[in-house]
Structures are given as C-alpha cells and as structure tokens.
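**Student:** My structure is below; once you've seen it, I'll send some questions.
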Amino acid sequence: MTDLTRLTAVETAAAVASRDVSAVEVARAHLDRIAAVDGAVHAFLHVDADGALAQAARVDAGEVTGPLAGVPLALKDVIVTRGVPTTVGSRILEGWRPPYDATVTTRLRDAGVVVLGKTNMDEFAMGSSTEHSAYGPTHNPWDLTRTPGGSGGGSAAAVAAYEAPLGVGTDTGGSIRQPASVTGTVGVKPTYGGVSRFGLVAFSSSLDQAGPCARTVLDAALLHEAIGGHDPADSTSIDAPVPPVVEAARRASVQGLRVAVVRELTGEGYEAGVQERFDEAVALLSELGATVTEVSCPHFVHALPAYYLIAPSEASSNLARFDSVRYGLRVGDDGDRSLEEVMSLTRDAGFGAEVKRRIILGTYALSSGYYDAYYGQAQKVRTLITRDFTAAFEQADVLVSPASPGVAFPLGAKLDDPLAMYRQDLATIPSNLYGGPAMSLPVGLSEGLPVGLQVMAPTMRDDLLYQVGGALEAALHDRWGGPLLASAPELEAARA
Amino acid sequence: MTVPYDQALSEFEAVIGLETHVELGTAAKMFCGCDTSFGAEPNTHTCPVCLGLPGALPVVNAQAIESTIRIGLALHCDIAAWCRFARKNYFYPDMPKNFQTSQYDEPLCTGGYLDVDVPGEDGTPEVVRVPIERVHLEEDTGKSLHVGGATGRIHGASHSLVDYNRAGIPLVEIVTRPVVGTGPRAAEVARAYVAELRDVLRGLGVSDVRMEQGSLRCDVNVSLNRPGQPWGTRSETKNVNSLRSVERAVRSEVERQAARLRDGERIVQETRHFHEDTGLSTPGRSKEEATDYRYFPEPDLAPVAPDPAWVAELRAALPDPPSVRRKRLTAELGLSARDSAAMVNAGVLDLVLATVEAGAPAAEARNMWLGPLAQAANTRGVEAADLPVAPAQVARVVELVSSGALTAGLARQVVDGVLAGEGEPDDVVAGRGLAVVSDEGALGEAVDAALAAQPAVAEKVRAGKVQAVGALVGAVMKATRGQADAPVVRRLLLERLGVEG
Amino acid sequence: MPEITREEVAHLARLSRLALDDAELDGLAAQLDVILAAVAQISQVTDAADVPPTTHAVPLENVTRPDVVRPSLRREDVLAGAPAAEDGRFRVPRILDDSA
Ligand SMILES: [Mg+2]
Ligand SMILES: [Zn+2]
Numbered sequence: 001m002t003d004l005t006r007l008t009a010v011e012t013a014a015a016v017a018s019r020d021v022s023a024v025e026v027a028r029a030h031l032d033r034i035a036a037v038d039g040a041v042h043a044f045l046h047v048d049a050d051g052a053l054a055q056a057a058r059v060d061a062g063e064v065t066g067p068l069a070g071v072p073l074a075l076k077d078v079i080v081t082r083g084v085p086t087t088v089g090s091r092i093l094e095g096w097r098p099p100y101d102a103t104v105t106t107r108l109r110d111a112g113v114v115v116l117g118k119t120n121m122d123e124f125a126m127g128s129s130t131e132h133s134a135y136g137p138t139h140n141p142w143d144l145t146r147t148p149g150g151s152g153g154g155s156a157a158a159v160a161a162y163e164a165p166l167g168v169g170t171d172t173g174g175s176i177r178q179p180a181s182v183t184g185t186v187g188v189k190p191t192y193g194g195v196s197r198f199g200l201v202a203f204s205s206s207l208d209q210a211g212p213c214a215r216t217v218l219d220a221a222l223l224h225e226a227i228g229g230h231d232p233a234d235s236t237s238i239d240a241p242v243p244p245v246v247e248a249a250r251r252a253s254v255q256g257l258r259v260a261v262v263r264e265l266t267g268e269g270y271e272a273g274v275q276e277r278f279d280e281a282v283a284l285l286s287e288l289g290a291t292v293t294e295v296s297c298p299h300f301v302h303a304l305p306a307y308y309l310i311a312p313s314e315a316s317s318n319l320a321r322f323d324s325v326r327y328g329l330r331v332g333d334d335g336d337r338s339l340e341e342v343m344s345l346t347r348d349a350g351f352g353a354e355v356k357r358r359i360i361l362g363t364y365a366l367s368s369g370y371y372d373a374y375y376g377q378a379q380k381v382r383t384l385i386t387r388d389f390t391a392a393f394e395q396a397d398v399l400v401s402p403a404s405p406g407v408a409f410p411l412g413a414k415l416d417d418p419l420a421m422y423r424q425d426l427a428t429i430p431s432n433l434y435g436g437p438a439m440s441l442p443v444g445l446s447e448g449l450p451v452g453l454q455v456m457a458p459t460m461r462d463d464l465l466y467q468v469g470g471a472l473e474a475a476l477h478d479r480w481g482g483p484l485l486a487s488a489p490e491l492e493a494a495r496a
Numbered sequence: 001m002t003v004p005y006d007q008a009l010s011e012f013e014a015v016i017g018l019e020t021h022v023e024l025g026t027a028a029k030m031f032c033g034c035d036t037s038f039g040a041e042p043n044t045h046t047c048p049v050c051l052g053l054p055g056a057l058p059v060v061n062a063q064a065i066e067s068t069i070r071i072g073l074a075l076h077c078d079i080a081a082w083c084r085f086a087r088k089n090y091f092y093p094d095m096p097k098n099f100q101t102s103q104y105d106e107p108l109c110t111g112g113y114l115d116v117d118v119p120g121e122d123g124t125p126e127v128v129r130v131p132i133e134r135v136h137l138e139e140d141t142g143k144s145l146h147v148g149g150a151t152g153r154i155h156g157a158s159h160s161l162v163d164y165n166r167a168g169i170p171l172v173e174i175v176t177r178p179v180v181g182t183g184p185r186a187a188e189v190a191r192a193y194v195a196e197l198r199d200v201l202r203g204l205g206v207s208d209v210r211m212e213q214g215s216l217r218c219d220v221n222v223s224l225n226r227p228g229q230p231w232g233t234r235s236e237t238k239n240v241n242s243l244r245s246v247e248r249a250v251r252s253e254v255e256r257q258a259a260r261l262r263d264g265e266r267i268v269q270e271t272r273h274f275h276e277d278t279g280l281s282t283p284g285r286s287k288e289e290a291t292d293y294r295y296f297p298e299p300d301l302a303p304v305a306p307d308p309a310w311v312a313e314l315r316a317a318l319p320d321p322p323s324v325r326r327k328r329l330t331a332e333l334g335l336s337a338r339d340s341a342a343m344v345n346a347g348v349l350d351l352v353l354a355t356v357e358a359g360a361p362a363a364e365a366r367n368m369w370l371g372p373l374a375q376a377a378n379t380r381g382v383e384a385a386d387l388p389v390a391p392a393q394v395a396r397v398v399e400l401v402s403s404g405a406l407t408a409g410l411a412r413q414v415v416d417g418v419l420a421g422e423g424e425p426d427d428v429v430a431g432r433g434l435a436v437v438s439d440e441g442a443l444g445e446a447v448d449a450a451l452a453a454q455p456a457v458a459e460k461v462r463a464g465k466v467q468a469v470g471a472l473v474g475a476v477m478k479a480t481r482g483q484a485d486a487p488v489v490r491r492l493l494l495e496r497l498g499v500e501g
Numbered sequence: 001m002p003e004i005t006r007e008e009v010a011h012l013a014r015l016s017r018l019a020l021d022d023a024e025l026d027g028l029a030a031q032l033d034v035i036l037a038a039v040a041q042i043s044q045v046t047d048a049a050d051v052p053p054t055t056h057a058v059p060l061e062n063v064t065r066p067d068v069v070r071p072s073l074r075r076e077d078v079l080a081g082a083p084a085a086e087d088g089r090f091r092v093p094r095i096l097d098d099s100a
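What follows is the structure, given as structure tokens:
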C-alpha cells in the first residue's frame with residue numbers, strides 16, 4: 001500500500017472522497033509519522049490525536065465534504081483553538097485553553113480538514129528561526145542541525161517532514177515565506193485582509209496575515225480558498241470573493257506575463273548559491289514565455305527599518321493584555337505584593353528575551369517625543385514603499401526576488417545577533433508593508449539545502465502568484481523528475 | 001482653611017471645564033455583541049472581544065456612531081468628514097486589553113456649544129453659552145470591587161475583584177472648552193450645564209443618563225486667577241456623580257484653591273477624588289509619573305467617514321432642544337404656568353415630559369413625580385432626576401395602574417421596588433407578587449372572613465346602609481395586603497349581603 | 001545617533017510592566033543602541049516629509065456591525081483560564097501600592 005503521508009492534499013482528498021481510504025486511516029498514518037519523526041523535528045507543541053480522529057470520523061460519516069475533506073493539517077500555535085492549548089510559543093500562555101475558535105479554525109473544520117495539532121513558532125511570531133520558542137527549537141528536516149526558519153518553522157517543518165500535507169502559518173514580515181524557502185515547501189502570504197485575523201493572536205495588527213503552507217502550489221491554493229474570504233468579525237477583512245487561486249494554479253501559465261526582478265532585492269546581502277538558483281529560475285520563466293525585465297523600488301532599502309519600528313510598536317500594545325489577570329501565567333502573587341509588582345514579575349518571567357526586546361523598542365518608538373521621528377516616519381516610509389510597488393506594477397504583472405537571503409542556517413548561528421536575524425526578512429517585508437500577496441516556492445538547492453523564489457503580486461491579485469508558481473513548479477518538476485522534497489534525506493535514517 | 005465661596009469669587013476669577021462621560025443606551029457593546037443591560041451577574045455579559053482574549057478583534061457598533069453624531073449635532077458641533085479610533089495605552093485591571101480604544105487627535109465631533117439658563121443677579125433667567133471642545137467615542141472599563149479595606153475603598157484593600165460586564169459599553173466623552181466669565185455663579189453654571197446636557201441626551205434618546213448608575217459621569221476642572229492675571233493651575237476632580245455634587249465639587253474646589261492662593265501657596269496640577277458623603281475631594285494617587293499614553297491609530301478598526309448626506313438627514317431629524325420642547329409640551333398638555341413652575345421648582349418638569357413621551361397621560365405622570373417620587377427624592381436627599389428610576393419605567397407603572405393590573409397602593413410598592421434596584425416594574429410585580437387579585441374564587445374566602453368578623457356592619461348594609469360596606473372592603477384589602485381588586489370586592493360583598501350596589 | 005540610557009530603559013520597562021533585573025537593563029540598553037542605530041536611517045528619508053502615513057495596508061472605511069445582542073460566553077468558560085477568581089469575578093492583588 002502507498003504511504004499515505006506522501007500524498008499531496010489533492011490526492012488525499014480524492015482518495016478519501018472515493019473511499020479508497022478512510023479519513024481516519026489518513027489521520028492515523030500522519031499521527032504515526034509524527035510519533036516516529038517529531039522527536040527529532042519538534043514541529044509540534046501539541047498533538048491533538050483525539051480531536052483529529054473525531055474530525056476524520058465526521059468526514060468518513062459523510063457529515064462534511066469538500067475539496068479538502070479528510071486532509072490533515074498542522075496549525076500554527078498562534079491560531080486560537082477552542083479547548084485545545086494555544087501558547088503562541090510563550091510561557092505566558094502555557095496551559096491556556098481558549099474558550100473560542102478563530103475564524104480560520106472554524107473554516108478548516110467546516111471544510112473537513114483534520115487538524116492534527118498545534119505547531120511550534122518563535123514566541124509571539126517574533127523571530128526567523130523558531131529558536132525563540134519557549135518550548136525549544138524546531139529542526140529543519142533537511143538537516144536537523146539547522147533551523148527551519150521562522151516564525152512559522154513548525155508548520156513548514158511539519159509539511160516538509162511529511163507529518164502533514166498542509167499547514168497554516170502567519171506572516172507579519174515573512175514568517176510563512178522564509179520558512180517555506182528554507183524547508184523546500186510552498187508558502188503564501190495572502191493579500192492583507194484576504195484571510196480573517198479573528199482568533200489570530202496579534203503580533204503586529206496592520207501586518208499580520210494567515211496563509212497556507214503546502215508541498216505543491218495547487219495544494220496551497222485549495223487551502224487558501226478554504227480559509228480565505230470575508231469575515232464580518234474582522235474589521236480589516238476585505239468584503240470580496242477570494243481571487244480565483246485554484247483555477248490559476250491549474251492554469252499554470254506564464255505565457256505573455258510580464259515578470260520583473262526587483263533590483264534592490266538581489267545581489268549584495270544574498271548568498272551566491274541563492275542568487276544562482278534565483279537567476280536560473282528567472283531564465284526558466286523567460287523560456288516559459290514570460291517577458292522578464294528589471295524594476296527599481298528605491299525605497300525598499302528602508303523596509304527593514306520601517307518594519308522594525310512599526311511591528312514592535314503595535315506589538316508593545318497588543319501584548320499589554322498578557323497581565324496575569326484574566327488568563328495565562330501569574331508569578332509572584334504572595335498575598336503581599338501589589339498588582340503592578342505581580343504583573344511586572346509575570347511579564348518578565350513569561351516573555352522571552354526577544355519579546356521583551358521588541359516590547360521595549362516599541363514602547364520607545366511610540367513614546368511622546370519620539371513618535372514623529374520613529375513610528376510616524378516609519379508609516380510615511382510605508383507609503384513610499386507602497387508607491388514603489390504601485391509604480392512597479394505598472395511595468396510588470398508580478399515581481400520576483402529570492403525569498404530569503406540564504407539557505408537554512410545552523411541552530412544558534414544568529415541567536416546573539418538580533419540584526420543578523422532581522423536581515424533574514426529583507427526580501428519578504430516589503431509585501432507586508434504594502435499589503436499585497438506574495439509566495440515562496442522551491443527552485444533548487446544550494447549546498448544541498450533548498451532555495452526559495454518569491455513572487456509578489458498587486459493587492460487582491462493572489463491568483464497571479466499561483467499562476468506563476470504553478471507554471472514554474474511544473475517546469476521544475478519536469479527538470480528534476482519530481483518534487484524537490486523527494487531529494488530530502490530520510491528522517492528515520494538521519495535520526496539513526 | 002478655606003475661603004467662603006462668595007468671598008473667594010469676589011477676589012478670584014474661576015475658570016471651569018467639564019468632561020462628561022455618557023454610556024450610550026445601545027443594546028450591544030461598542031465592539032462586540034454582548035448585552036449592555038445594567039445589573040447582571042458579574043462577568044455574564046462578556047465575550048472574547050470585551051475580555052480582551054488573545055486573538056479577538058473589535059467591530060464598531062453602527063448605532064454608537066450614529067448616536068455620537070446626533071449628540072454632536074445637538075451640541076452644534078462640526079462632524080468630522082474622516083476620523084479614526086486610537087489606542088490609549090496604559091495598564092489598569094479594569095481595562096482588559098490594557099489600552100482603551102478611544103479617539104485622540106481625530107474626534108468625531110468638534111467645536112460646538114450648549115446654552116444653559118442660570119438665574120441672573122435679579123433672579124430672572126440668563127443664558128450662558130458653554131463652548132464645547134469635542135465629542136468623541138470610546139469604550140467603558142470594567143468595575144472593581146475592593147476587598148479588605150474600609151468601606152470598599154481601594155485604599156487599604158487586600159485585593160480586588162473585577163467584573164467586565166461594563167467593559168466595552170460605548171462611552172461618549174463630551175469636553176467643554178474652558179468656561180470663563182461666570183463671575184459668582186461658577187458652580188451654578190457647572191451644575192446647569194450638566195443638567196441641560198442630561199436633558200439634551202435624554203431628549204435624543206441616546207442614553208438613560210442615570211448618574212447614580214454611572215451612565216453619566218463628570219470630571220470637573222477648576223482653576224482660579226486674580227482679575228487681569230493669566231489662568232491659574234487647574235485641578236481635575238473625578239467621580240462627581242450627581243447634579244448636586246457637580247455644584248458642590250466646584251464650590252469646595254474654589255474655596256480650597258482660594259485659601260491656598262491667598263496664603264501664597266501654589267496649586268498643584270493633580271487629579272482629585274470627590275466624596276459624595278462629605279462633599280469634599282481628596283488628592284488622587286501621588287505617585288503619578290508623567291503619563292505617556294503612547295496613542296497611535298487603532299490598526300484593527302477602519303476609519304470612520306460619515307456620509308455628509310446621512311449627517312444632513314440626522315441633523316434634520318433631531319428633536320427640539322429641551323427648552324423648545326418644554327415650551328411646546330407644556331402648551332400641548334395644557335399645563336398652567338403655576339403647574340409648570342411647581343414642576344420646575346421640584347426639578348421634575350423634564351422628567352414629567354419624558355414620562356408623557358413614554359406614553360403616560362400628563363396628569364398621572366405629574367402625580368407620580370410630584371407625589372411618591374418627590375417624596376422618595378426628599379427622603380434620600382437627592383434630586384428627583386438622580387433617583388434610580390427612568391421616565392419610561394414610571395410610564396410603565398402608570399400603564400399598569402390604568403389597565404387595572406395595579407392599584408394606586410400597589411403602584412407605590414412597585415415604585416419602591418424599582419428604586420430598591422429590583423429591576424423593571426414588571427420584575428418587581430412578579431418578584432413581590434403584587435398583581436391585583438380579581439379572581440372571585442380567591443377573594444371569596446377573604447370576603448367571607450370579613451363578613452364573619454364584623455356581623456354588625458354586615459347587618460347595617462343588609463338594612464340598606466350601603467355606604468357602610470366601605471369598612472368591609474377595607475378589611476378585605478388589608479387581609480390581602482392591598483392586592484385585591486377593590487371594585488370586585490365591593491361587588492362580591494354586596495352580592496353576599498343580597499343588596500343592590 | 002540616538003543613545004539610550006539605562007535609566008531610559010528602566011522607564012520604558014516600567015511603562016510596559018516588565019520587572020527587568022539589572023543585567024537585563026544593561027543588556028537591553030546596549031542592544032537598543034545597536035538596533036536604533038540601524039533603524040535611525042529612516043529619519044533621513046527626506047522625501048517622506050510631505051507623504052501621508054499609511055496606517056492600514058488596505059484602505060477600508062465605515063466597517064460596522066448592527067446593534068444586535070449576541071450570546072456572551074458562559075461564565076464558567078470566562079473564568080476557567082483565570083489565575084484566580086472569587087465570587088464570579090477575577091481576583092487580583094491589591095491595586096494600590098500603598099502598604100509599604
Ligand atoms: Mg475618556
Ligand atoms: Zn463582549
């Protein structure tokens with residue numbers, strides 16, 4: 001019998017729908033896989049076997065149908081799940097079982113998706129390596145001594161390690177795309193407002209966006225369609241249908257499409273091997289019928305500083321609610337200390353170093369006297385970056401760049417150098433500031449490790465990502481004789 | 001160590017400012033669907049949004065925007081073409097997110113005024129125009145119960161217990177510009193402003209404006225300066241929760257500041273807390289470090305851009321201002337000048353009119369407010385308007401009487417129940433079992449007992465002295481604690497005695 | 001070049017309710033200097049002067065909901081996650097720091 005964990009989401013759903021296999025068998029196969037390899041990968045913070053099997057049974061009973069019914073999924077622990085622990089990778093929420101579901105969670109359940117559990121992440125999604133999780137790092141399935149990127153390293157690693165065909169991540173400055181890039185998977189940040197943020201524990205409200213992780217472009221499109229669309233519970237949700245992403249992934253053609261390389265997102269700062277794979281992929285797009293040009297987005301060089309002012313500022317406010325009063329950790333309540341003391345001790349003990357660093361930075365950037373020079377100025381720069389995008393999209397249908405400046409780096413390599421860690425998101429941040437959609441998909445290996453290419457599209461043109469991604473993926477699979485992940489080392493062997 | 005008020009104001013000029021917070025009477029909260037009704041069990045009107053649970057997001061209540069714009073229009077403000085909510089960041093356990101979603105530099109309404117009548121020096125009313133700086137929309141906080149200290153005060157408490165039912169109720173903040181030139185009437189103007197504002201809000205139907213339940217709350221700013229000198233340093237007195245207290249707060253602050261200034265001392269810019277029991281204020285927390293609220297535009301909410309055509313419609317549909325409404329209604333109701341004057345004196349004219357507008361006949365509305373309610377106010381030492389009963393509730397009691405469901409005596413008990421916080425009139429009727437008993441079977445026993453107890457009276461009636469039946473009716477009413485339907489009792493008695501009524 | 005002092009970090013820590021110890025204060029002061037130096041270039045973006053700020057990535061307006069009551073949570077669920085509760089309320093240590 002075929003190994004059920006090697007099927008794509010599309011294949012799995014078809015097998016379940018035709019009753020060749022039951023959803024419960026599919027779920028069991030993945031739970032077994034998790035049991036076998038997650039000790040080495042540590043993609044999951046919580047495996048919800050009972051919940052997964054119950055949902056699979058509902059699918060088998062015909063209570064839910066749909067294009068993803070019976071397909072297992074790894075859910076980033078930043079998405080709230082009723083009655084199932086949700087920690088956001090932080091001590092401060094250890095043991096918290098939310099009394100409600102995120103809209104994404106509800107939509108997954110309604111689509112018959114089988115959520116296997118909650119995946120590891122940098123605490124409060126602040127990081128690019130998943131090493132800032134309070135519960136220990138996740139390991140890259142390609143090389144267990146390396147990080148899977150972050151903050152959504154858990155979902156990306158789970159998908160790359162065949163623990164689940166699908167994952168959901170969130171992307172504030174690249175937290176879906178950069179992990180996808182370094183794990184050889186497909187990751188998409190949808191248009192801001194395309195997927196509901198209701199029930200997504202906020203990091204930076206004006207930047208956060210949930211999106212799909214998958215092994216193929218088409219799988220990602222199906223998941224995108226399942227979780228996307230208007231939600232009246234999120235005031236920033238766009239009241240329009242999800243762009244036709246599945247159709248675009250199937251069409252998979254770049255014939256006549258105008259593709260532009262962003263000059264500021266290549267060259268210096270990008271590893272040579274990454275640049276080579278990127279250049280080859282761009283050449284391939286040209287072969288496939290795309291018109292390739294280069295554009296300049298001069299303000300992109302300010303994207304990183306703007307991001308590191310806007311995101312911590314919003315975070316400092318969003319994380320104020322973790323105060324030991326209504327939920328979560330409480331430390332130092334000896335009956336004598338005041339609330340302020342208990343609150344401050346709790347937050348000091350409950351938040352990790354990176355979170356505290358950003359809270360202090362954000363508090364600083366918002367304080368009177370500094371607001372105009374920092375937060376206010378960053379938002380103006382955000383306008384300039386948006387104008388760069390608008391101008392570029394007059395010359396091109398999509399923009400491309402490497403998704404990440406390098407391949408997966410060794411665990412611990414950048415932990416003591418915040419700025420080096422921050423630079424991992426050089427290429428991904430502009431799309432968050434602008435709000436438009438972007439995708440990372442694997443385009444080859446450098447030093448035996450995956451390299452991702454980023455496609456960026458105008459707001460609400462998510463379909464263009466899938467059109468380009470689908471075409472490139474098909475051509476690359478032809479060239480490689482199969483998916484890139486097939487060349488990843490066997491985990492059991494690696495562990496032995 | 002105070003200078004008497006009149007003397008203080010002959011020596012100094014007072015500048016006053018008022019910040020009024022009004023809870024809107026929407027059905028649901030500002031950013032979520034939780035019920036706003038008062039008096040529920042703690043934390044039963046809460047959800048992920050108003051508890052600030054991780055991941056929850058706000059959505060603006062459309063009615064709250066509309067009500068705020070109507071308030072702004074009634075106060076002659078400009079309505080912003082485009083404005084945003086902002087986060088006001090500070091930690092407080094009553095506030096679930098540790099920021100208040102409010103408005104900062106872009107309020108919904110700006111630059112209006114409210115004209116108020118105050119008695120002039122010769123006793124004739126004089127109009128004082130109070131300038132309005134802004135009207136903006138925000139959310140209320142929860143409520144803390146302080147345990148272990150004296151009389152539930154936060155000072156000396158060992159711990160506190162927090163209820164978030166009130167957290168997230170829409171709150172409109174109305175801020176005046178500094179009011180100058182009030183001469184010896186600073187306190188009267190402050191009080192008249194709040195009273196008039198309350199009438200405006202009640203007329204708009206946007207809030208139940210009940211100060212004793214906290215749906216209307218005042219902060220009073222006062223500073224003094226010698227004539228011709230720049231304005232002095234101001235203090236802000238919080239917690240001023242009745243009309244009478246508004247006046248008292250200004251008076252006591254004028255007296256206190258005048259004494260300090262006379263002694264050559266400086267006034268400290270501070271927040272003071274008003275105490276209803278003493279009529280005095282005490283300094284707030286001294287350990288205040290410079291507050292830095294770190295305002296920034298709320299990224300979770302879309303900007304508000306009211307359609308000018310809609311605003312014009314709202315403006316056209318505004319009710320008459322209270323002064324015009326008072327004149328019109330007193331004329332329509334045919335109230336004599338004497339009657340009106342009596343009601344103005346008792347501070348119930350607007351309440352009577354509001355009760356009439358809620359459906360009660362004028363005479364009954366008048367009788368309720370000048371009768372049992374005026375008495376209750378007197379007993380409690382508060383203004384009738386500060387009683388914990390709304391005109392709509394009074395109208396309901398009147399309706400119950402006229403439908404025969406209550407007698408006048410029972411109506412009084414229902415009013416007592418509402419004042420005691422037992423809920424709506426119908427809740428009190430049910431809770432206290434106050435419905436009129438007109439069931440003949442149920443009354444038969446009491447009727448028979450009355451006849452047996454007073455055979456001599458029964459004989460008199462039988463002999464044709466029909467008016468003597470009153471004593472028997474009275475006995476039955478007493479036995480049924482006022483709940484019997486008197487006409488039915490009378491008929492039953494006469495039937496039993498074989499006499500034609 | 002912005003320079004952030006240890007006292008400033010202590011003030012920020014107080015504002016954000018973080019009981020940082022001395023080592024953390026020193027460490028953060030040094031790190032913030034480095035980070036601020038890296039982001040300070042943003043104030044040199046001169047063509048931003050006359051540009052409106054972007055606060056929302058996607059420009060929406062007037063997103064509201066009707067004034068309709070929806071069910072609240074059950075109180076047992078509300079209080080289930082609380083570190084301490086009493087009489088249906090959240091219990092917190094004394095609010096004023098006035099005993100010491
Ligand atoms: Mg306010
Ligand atoms: Zn609520």
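Residue numbers (my numbering), protein chains in the order written: chain A, 1 to 496; chain B, 1 to 501; chain C, 1 to 100. The beta carbon of each residue, even a glycine, is placed where N, CA and C say it ideally should be.
Just reading off the alpha helix (DSSP H) that Glu23(B) is part of, what are its end residues?
**Tutor:** The sequence position of residue 23(B) within the second sequence is 23, counting from 1. Taken as a continuous stretch (DSSP letters only), Glu23(B) belongs to no alpha helix (DSSP H), being part of the beta strand (DSSP E) at Glu13 to Glu23.
**Student:** Can you tell me where the beta strand (DSSP E) with Asp76(A) in it begins and where it stops?
**Tutor:** By one-based count along the first sequence, residue 76(A) stands at place 76. Checking the sequence shown, residue 76(A) turns out to be Lys, not Asp. That run of the beta strand (DSSP E) goes Pro72 to Lys76.
**Student:** Using DSSP with H/G/I as helix, E/B as strand and the rest coil, what is Arg217(B)?
**Tutor:** Taking the first residue of the second sequence as 1, we reach residue 217(B) at position 217. Here Arg217(B) sits in strand by DSSP.
**Student:** Rounded to the nearest angstrom, what separates Ala157(B) and Leu53(B) at their Cα positions?
**Tutor:** The count along the second sequence starts at 1 and reaches residue 157(B) at position 157. The count along the second sequence starts at 1 and reaches residue 53(B) at position 53. About 27 Å.
**Student:** Since Pro497(A) and Leu116(A) should fall inside the 8 Å C-beta cutoff, what is the C-beta to C-beta distance between them, to a whole number of angstroms?
**Tutor:** It is not possible to answer for residue 497(A), since the shown part of chain A is limited to 1 through 496.
**Student:** Note down, in chain order, each residue of its chain lying with its Cβ closer than 6 Å to the Cβ of Gly112(B), except the 5 sequence neighbours on either side.
**Tutor:** As a first step, residue 112(B) must be located in the second sequence, where it is residue number 112. Closer than 6 Å at Cβ, skipping near neighbours: Leu75, His76, Cys77 and Ile132.
**Student:** Along the region 60-92 of chain B, where does the CB come closer than 7 Å to a CB of chain C? Name the residues.
**Tutor:** Answer set for the region 60-92 of chain B: Val60, Asn61, Ala62, Gln63, Ile65 and Phe91.
**Student:** Does any heavy atom of ligand 2 sit closer than 6 Å to the C-beta of Cys77(B)?
**Tutor:** Position 77 of the second sequence, counted from the first residue, corresponds to residue 77(B). No; taking the cut-off as 6 Å, the Cβ of Cys77(B) has no heavy atom of ligand 2 nearer than that.
**Student:** Taking only the alpha-carbon atoms, compute the straight-line gap between Val246(A) and Glu225(A) and give it to the nearest angstrom.
**Tutor:** Translated into positions along the first sequence, residue 246(A) becomes position 246. Translated into positions along the first sequence, residue 225(A) becomes position 225. In a straight line, the C-alpha of Val246(A) is about 7 Å away from that of Glu225(A).
**Student:** Could you run through the region 49-71 of chain C and flag, in chain order, every residue whose CB is less than 7 Å away from some CB of chain A?
**Tutor:** Answer set for the region 49-71 of chain C: Val51, Pro52, Pro53, Thr54, Thr55, His56, Ala57, Val58, Leu60, Val63 and Arg65.
**Student:** Mind checking if Glu11(B) is an interface residue toward chain C, Cβ cutoff 7 Å exclusive?
**Tutor:** Along the second sequence, one-based indexing puts residue 11(B) at 11. No, Glu11(B) lies away from the interface with chain C (no Cβ there is under 7 Å from its Cβ).
**Student:** Taking only three categories from DSSP, how would you classify Thr101(B)?
**Tutor:** For the purposes of this step, residue 101(B) is taken as residue 101 along the second sequence, with counting starting at 1. Strand, per DSSP.
**Student:** Using the DSSP secondary-structure output, state which residues sit across from Phe274(B) in a beta bridge.
**Tutor:** By 1-based counting over the second sequence, the position of residue 274(B) is 274. In DSSP, Phe274(B) forms a bridge with Ser281(B).
**Student:** Report the residues of the region 294-321 of chain A with a CB closer than 7 Å to any CB of chain B, ordered along the chain.
**Tutor:** Cβ contacts with chain B come from Ser313, Glu314, Ser317, Ala320 and Arg321.
**Student:** If you reduce the DSSP assignment to three classes, tell me which class Ala290(A) lands in.
**Tutor:** Position 290 of the first sequence, counted from the start, is the residue given in the question as residue 290(A). In the structure shown, Ala290(A) sits in coil (DSSP, three-state: anything other than H, G, I, E or B).
**Student:** For the 8 Å Cβ check, are there 3 or more pairs between the region 388-398 of chain A and the region 134-143 of chain A?
**Tutor:** Too few Cβ pairs lie closer than 8 Å, so no.
**Student:** For ligand 2, which residues count as neighbours when the test is a C-beta closer than 5 Å to any heavy atom?
**Tutor:** This criterion selects Cys32(B), Cys34(B), Cys47(B), Val49(B) and Cys50(B).
**Student:** What are the start and end residues of each continuous alpha helix (DSSP H) run of 4 or more residues lying completely inside the region 275-357 of chain A, in chain order?
**Tutor:** Runs of the alpha helix (DSSP H) inside the region 275-357 of chain A: 303-318 and 339-350.
**Student:** Taking buried to mean at least 16 other C-beta atoms within 10 Å of its own C-beta, is Ala317(B) buried or exposed?
**Tutor:** Locating residue 317(B) in the second sequence gives position 317, where the first residue counts as 1. Exposed, by the Cβ-count rule.
**Student:** By Cβ distance below 6 Å, which residues in the same chain neighbour Leu32(C) in space, the five residues on each side in sequence not counted?
**Tutor:** If you number the third sequence from 1, residue 32(C) lands on position 32. Around Leu32(C): Ile4.
**Student:** Excluding five sequence neighbours on each side, which residues of the same chain lie with their C-beta closer than 8 Å to the C-beta of Thr44(B)?
**Tutor:** Numbered from 1 along the second sequence, position 44 holds the residue referred to as residue 44(B). Asn165, listed in sequence order.
**Student:** Would Ser235(A) count as contacting chain B if we go by Cβ distances under 7 Å?
**Tutor:** For the purposes of this step, residue 235(A) is identified with residue 235 of the first sequence, where counting begins at 1. Interface residue, yes.
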